[in-house]
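Number of protein chains: 2
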Amino acid sequence: MKCDFSTHHRMSVATDVVVLTTDNKPLNNKRKVAEKGLQILLVKRDEEPYNGCWALPAGFVNFDEPLLECAKRKLREKVGLDDIYLEQLYSYGDDVNRDIRGRVISIGYIALAPKEKILLNSERASKEAEWFWIESSTSEWEVDMLSFISVLDSSLKITSLAFDHRMIIADALNRIKNKIMYTDVGFHLVNELFTVKELQTVYELMLGRQVQAFRRVLNDKIVETEHWTDGKAHRPARLFKQR
Amino acid sequence: MKCDFSTHHRMSVATDVVVLTTDNKPLNNKRKVAEKGLQILLVKRDEEPYNGCWALPAGFVNFDEPLLECAKRKLREKVGLDDIYLEQLYSYGDDVNRDIRGRVISIGYIALAPKEKILLNSERASKEAEWFWIESSTSEWEVDMLSFISVLDSSLKITSLAFDHRMIIADALNRIKNKIMYTDVGFHLVNELFTVKELQTVYELMLGRQVQAFRRVLNDKIVETEHWTDGKAHRPARLFKQR
DNA sequence: TTAGTTATTAACATATTGCAATTAAGTATA
DNA sequence: TATACTTAATTGCAATATGTTAATAACTAA
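Keeping their order, the protein sequence lines are chains A and B.
Sequential numbering of the first sequence, starting at 39, is according to our numbering.
Sequential numbering of the second sequence, starting at 39, is according to our numbering.
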């Protein structure tokens with residue numbers, strides 16, 4: 039059977055971006071230590087379906103637009119982000135009814151950046167965009183175990199996200215978890231200059247476990263600089279950069 | 039700017055499948071040992087563009103068809119394969135002109151199977167499908183270094199493949215290479231019962247290097263059976279199965 | 001019987017990692 | 001100023017994993 043290149047098989051293609059970063063959690067009464075946590079950027083939808091629901095920054099790919107360019111554009115338009123690390127995650131299109139409006143194939147992307155870099159552009163961000171803490175009750179990033187808690191209002195806990203975005207987020211977290219020890223993706227979540235502790239925290243948050251002798255393990259991926267954290271507290275730490 | 043769900047952004051979506059297996063290479067005059075090699079299944083196109091060129095088994099996704107189902111269907115239709123391991127690879131759509139006919143997003147898939155399993159269905163295979171040896175002059179699967187040599191006619195060496203299929207193949211090989219030591223994908227390339235040597239060969243072909251003390255490394259992934267290779271040559275080898 | 005081939009295990013060196021202790025350099029406070 | 005406290009960074013040791021080589025086992029072929 040010849041395949042005719044007509045319109046009968048045309049469908050909509052969208053990109054969905056999982057924007058991840060880390061930040062200091064609010065100080066716990068019991069412990070004075072500034073614990074770090076994982077954050078994800080979500081936007082509140084203002085149209086059907088899922089109107090009012092929180093969702094990943096997403097949008098349709100224009101007919102003459104590269105996929106990656108669409109992901110970048112949506113980050114620019116919806117949350118004012120630019121020049122951020124992006125990698126393709128997975129394509130979602132096995133459930134033909136994943137979007138009630140019609141057949142939509144969605145290309146998932148992962149975006150990573152240190153919080154400082156993102157804050158620079160935050161004034162341009164949409165008012166409907168907000169950071170949420172990512173929590174998981176297991177060391178695995180399982181769909182059922184994921185929860186999202188508002189950074190601004192800890193009483194706001196999202197249990198349902200638009201479309202299949204919960205699954206996309208779980209896939210993104212597992213992707214990073216699986217490759218962080220074997221690749222250099224972790225460096226996208228710290229500044230150009232970073233302390234060993236900062237980088238270690240990123241790795242441990244993604245892995246959901248501690249990493250022993252981190253300095254030794256990462257030794258050939260990082261290089262000392264002559265800069266130090268300013269000594270406002272305790273012993274100053276040496277700043278490193280990626281080799 | 040609201041996104042209108044009309045037809046202006048609709049495009050064609052296709053699946054491209056990289057079918058990989060291993061087989062015995064023809065006996066070399068100098069060495070009697072039956073060396074193994076990697077093979078890929080390609081089909082000869084019978085329509086424009088790239089009419090007459092070799093290409094990956096591929097085709098357009100129907101409007102109401104899951105992506106994975108489309109990949110399965112194309113393997114059935116074009117090369118008579120069924121019940122074969124399939125995993126999604128990557129989606130190709132950054133070059134808006136990758137198909138001269140219009141905007142086409144292609145979802146790449148990887149299919150793996152031992153040659154014996156594939157041969158069972160070979161009678162149903164298209165006459166225009168053929169296995170090719172995959173060679174690389176480096177230990178990396180680089181696009182420039184890949185070459186494809188016909189299994190049936192060693193003088194037939196493909197230097198150009200249809201569309202961006204050469205890149206898709208390189209991506210597929212690197213994907214398997216990167217995950218074979220940390221996952222169980224390698225088992226899809228051997229039979230249910232296999233010798234240590236057979237599994238080791240699969241790993242070494244994908245990695246492009248030797249793996250020392252393979253039995254020890256894979257020890258917790260395999261389990262002994264009471265079956266042995268039939269003693270037609272030399273010492274019989276114990277057959278294992280996946281744990 | 002002996003040499004040749006493949007399979008399998010073992011022995012040893014080296015590399016990596018988990019774990020715990022130690023030293024270093026700052027702050028806070030009595 | 002002395003002491004306790006906090007964080008940073010290094011070191012030592014045990015346990016595990018891997019690279020390398022050798023030894024042993026089971027069969028074929030001459």
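Beta carbons: idealized from backbone N, C-alpha and C, even for Gly.
By Cβ distance below 7 Å, which residues in the same chain neighbour residue i in space, the five residues on each side in sequence not counted?
{"i": "valine 181(A)", "result": "Arg204, Met205, Ala208"}
{"i": "glutamate 262(B)", "result": "Arg276, Phe278"}
{"i": "lysine 68(B)", "result": "Summary for lysine 68(B): the model assigns pLDDT 49, below 50, so the residue's position carries little reliability, and this model does not support an answer."}
{"i": "phenylalanine 225(A)", "result": "Gln280"}
Can you have a look at residue i and say buried or exposed, based on whether 16 or more other CB atoms are within 10 angstroms of its CB?
{"i": "methionine 183(A)", "result": "exposed"}
{"i": "tryptophan 266(A)", "result": "exposed"}
{"i": "lysine 195(B)", "result": "exposed"}
{"i": "methionine 39(B)", "result": "Reliability fails at methionine 39(B), whose pLDDT of 42 lies under 50, so the model's placement of it is uncertain and the value that follows must be treated cautiously. Exposed, because fewer than 16 other Cβ atoms sit within 10 Å of the Cβ of methionine 39(B)."}
{"i": "isoleucine 214(B)", "result": "buried"}
{"i": "glutamate 168(A)", "result": "buried"}
{"i": "leucine 284(A)", "result": "No answer is possible for residue 284(A): it lies beyond the span of chain A, which begins at 39 and ends at 281."}
{"i": "leucine 190(B)", "result": "exposed"}
{"i": "aspartate 268(A)", "result": "exposed"}
{"i": "serine 198(A)", "result": "exposed"}
{"i": "lysine 165(A)", "result": "exposed"}
{"i": "valine 57(B)", "result": "buried"}
{"i": "valine 117(A)", "result": "buried"}
Counting contacts by CB-CB distance shorter than 9 Å, is residue i in contact with chain A?
{"i": "serine 50(B)", "result": "yes"}
{"i": "histidine 47(B)", "result": "yes"}
{"i": "glutamate 346(B)", "result": "As shown, chain B starts at 39 and ends at 281. That puts residue 346(B) outside it, with no answer to give."}
{"i": "glutamate 178(B)", "result": "no"}
{"i": "arginine 141(B)", "result": "yes"}
{"i": "tyrosine 128(B)", "result": "yes"}
{"i": "tyrosine 220(B)", "result": "yes"}
{"i": "aspartate 258(B)", "result": "no"}
{"i": "isoleucine 145(B)", "result": "yes"}
{"i": "phenylalanine 186(B)", "result": "no"}
{"i": "valine 99(B)", "result": "yes"}
Name the two residues that bound the continuous beta strand (DSSP E) containing residue i.
{"i": "threonine 320(A)", "result": "Since the first and last residues shown for chain A are 39 and 281, residue 320(A) lies out of range."}
{"i": "aspartate 261(B)", "result": "Rather than aspartate, the amino acid found at residue 261(B) in this sequence is valine. From DSSP, the beta strand (DSSP E) with valine 261(B) extends over 260 to 266."}
{"i": "phenylalanine 278(B)", "result": "276 to 280"}
{"i": "glutamate 107(A)", "result": "Taken as a continuous stretch (DSSP letters only), glutamate 107(A) belongs to no beta strand (DSSP E), being part of the alpha helix (DSSP H) at 105 to 117."}
{"i": "valine 189(A)", "result": "No beta strand (DSSP E) contains valine 189(A), which DSSP labels as neither H nor E."}
{"i": "aspartate 54(B)", "result": "48 to 62"}
{"i": "tryptophan 179(A)", "result": "Where tryptophan 179(A) is concerned, there is no enclosing beta strand (DSSP E), given that its DSSP letter is neither H nor E."}
{"i": "isoleucine 148(B)", "result": "142 to 150"}
{"i": "phenylalanine 98(B)", "result": "96 to 98"}
{"i": "tyrosine 123(B)", "result": "123 to 130"}
{"i": "valine 249(B)", "result": "First-last for valine 249(B): undefined, no H or E at that position."}
{"i": "leucine 80(A)", "result": "74 to 82"}
Please say whether residue j and residue i have beta carbons closer to each other than 9 Å?
{"i": "serine 144(A)", "j": "alanine 52(A)", "result": "yes"}
{"i": "leucine 211(B)", "j": "serine 175(B)", "result": "no"}
{"i": "lysine 95(A)", "j": "leucine 80(A)", "result": "Before going further, note that residue 95(A) is proline rather than lysine in the sequence given. Cβ distance < 9 Å, so proline 95(A) and leucine 80(A) count as in contact."}
{"i": "threonine 233(B)", "j": "lysine 153(B)", "result": "no"}
{"i": "glutamine 238(B)", "j": "valine 223(B)", "result": "no"}
{"i": "phenylalanine 201(B)", "j": "aspartate 137(B)", "result": "yes"}
{"i": "histidine 47(A)", "j": "serine 193(B)", "result": "no"}
{"i": "alanine 151(A)", "j": "leucine 231(A)", "result": "no"}
{"i": "glutamine 77(A)", "j": "isoleucine 172(A)", "result": "yes"}
{"i": "asparagine 100(A)", "j": "cysteine 108(A)", "result": "yes"}
Any beta-carbon of chain B closer than 9 Å to the one on residue i?
{"i": "phenylalanine 201(A)", "result": "no"}
{"i": "arginine 69(A)", "result": "Low local confidence applies: a pLDDT of 47 at arginine 69(A) is under 50, so the model's placement there is unreliable, and no value is given."}
{"i": "valine 117(A)", "result": "no"}
{"i": "glycine 90(A)", "result": "no"}
{"i": "glycine 131(A)", "result": "yes"}
{"i": "glutamate 103(A)", "result": "yes"}
{"i": "valine 255(A)", "result": "no"}
{"i": "asparagine 62(A)", "result": "no"}
{"i": "asparagine 216(A)", "result": "yes"}
{"i": "asparagine 212(A)", "result": "no"}
{"i": "valine 134(A)", "result": "yes"}
Quick one: residues in its chain with C-beta nearer than 8 Å to the C-beta of residue i, no 5 flanking neighbours on either side, listed in chain order?
{"i": "lysine 235(A)", "result": "Ala275"}
{"i": "valine 134(A)", "result": "Arg141"}
What I want to know is whether the C-beta of residue i ends up closer than 8 Å to one or more non-hydrogen atoms of the ligand MG.
{"i": "tryptophan 171(A)", "result": "In the structure on display, the ligand MG does not appear, and there are no ligands present to speak of."}
Give the range of the alpha helix (DSSP H) segment to which residue i is assigned.
{"i": "asparagine 216(B)", "result": "203 to 217"}
{"i": "phenylalanine 252(B)", "result": "252 to 255"}
{"i": "leucine 157(B)", "result": "153 to 157"}
Excluding five sequence neighbours on each side, which residues of the same chain lie with their C-beta closer than 6 Å to the C-beta of residue i?
{"i": "glutamate 125(A)", "result": "Ile148"}
{"i": "glycine 146(B)", "result": "Asp54, Leu127, Tyr128, Ile206"}
{"i": "lysine 259(A)", "result": "Arg281"}
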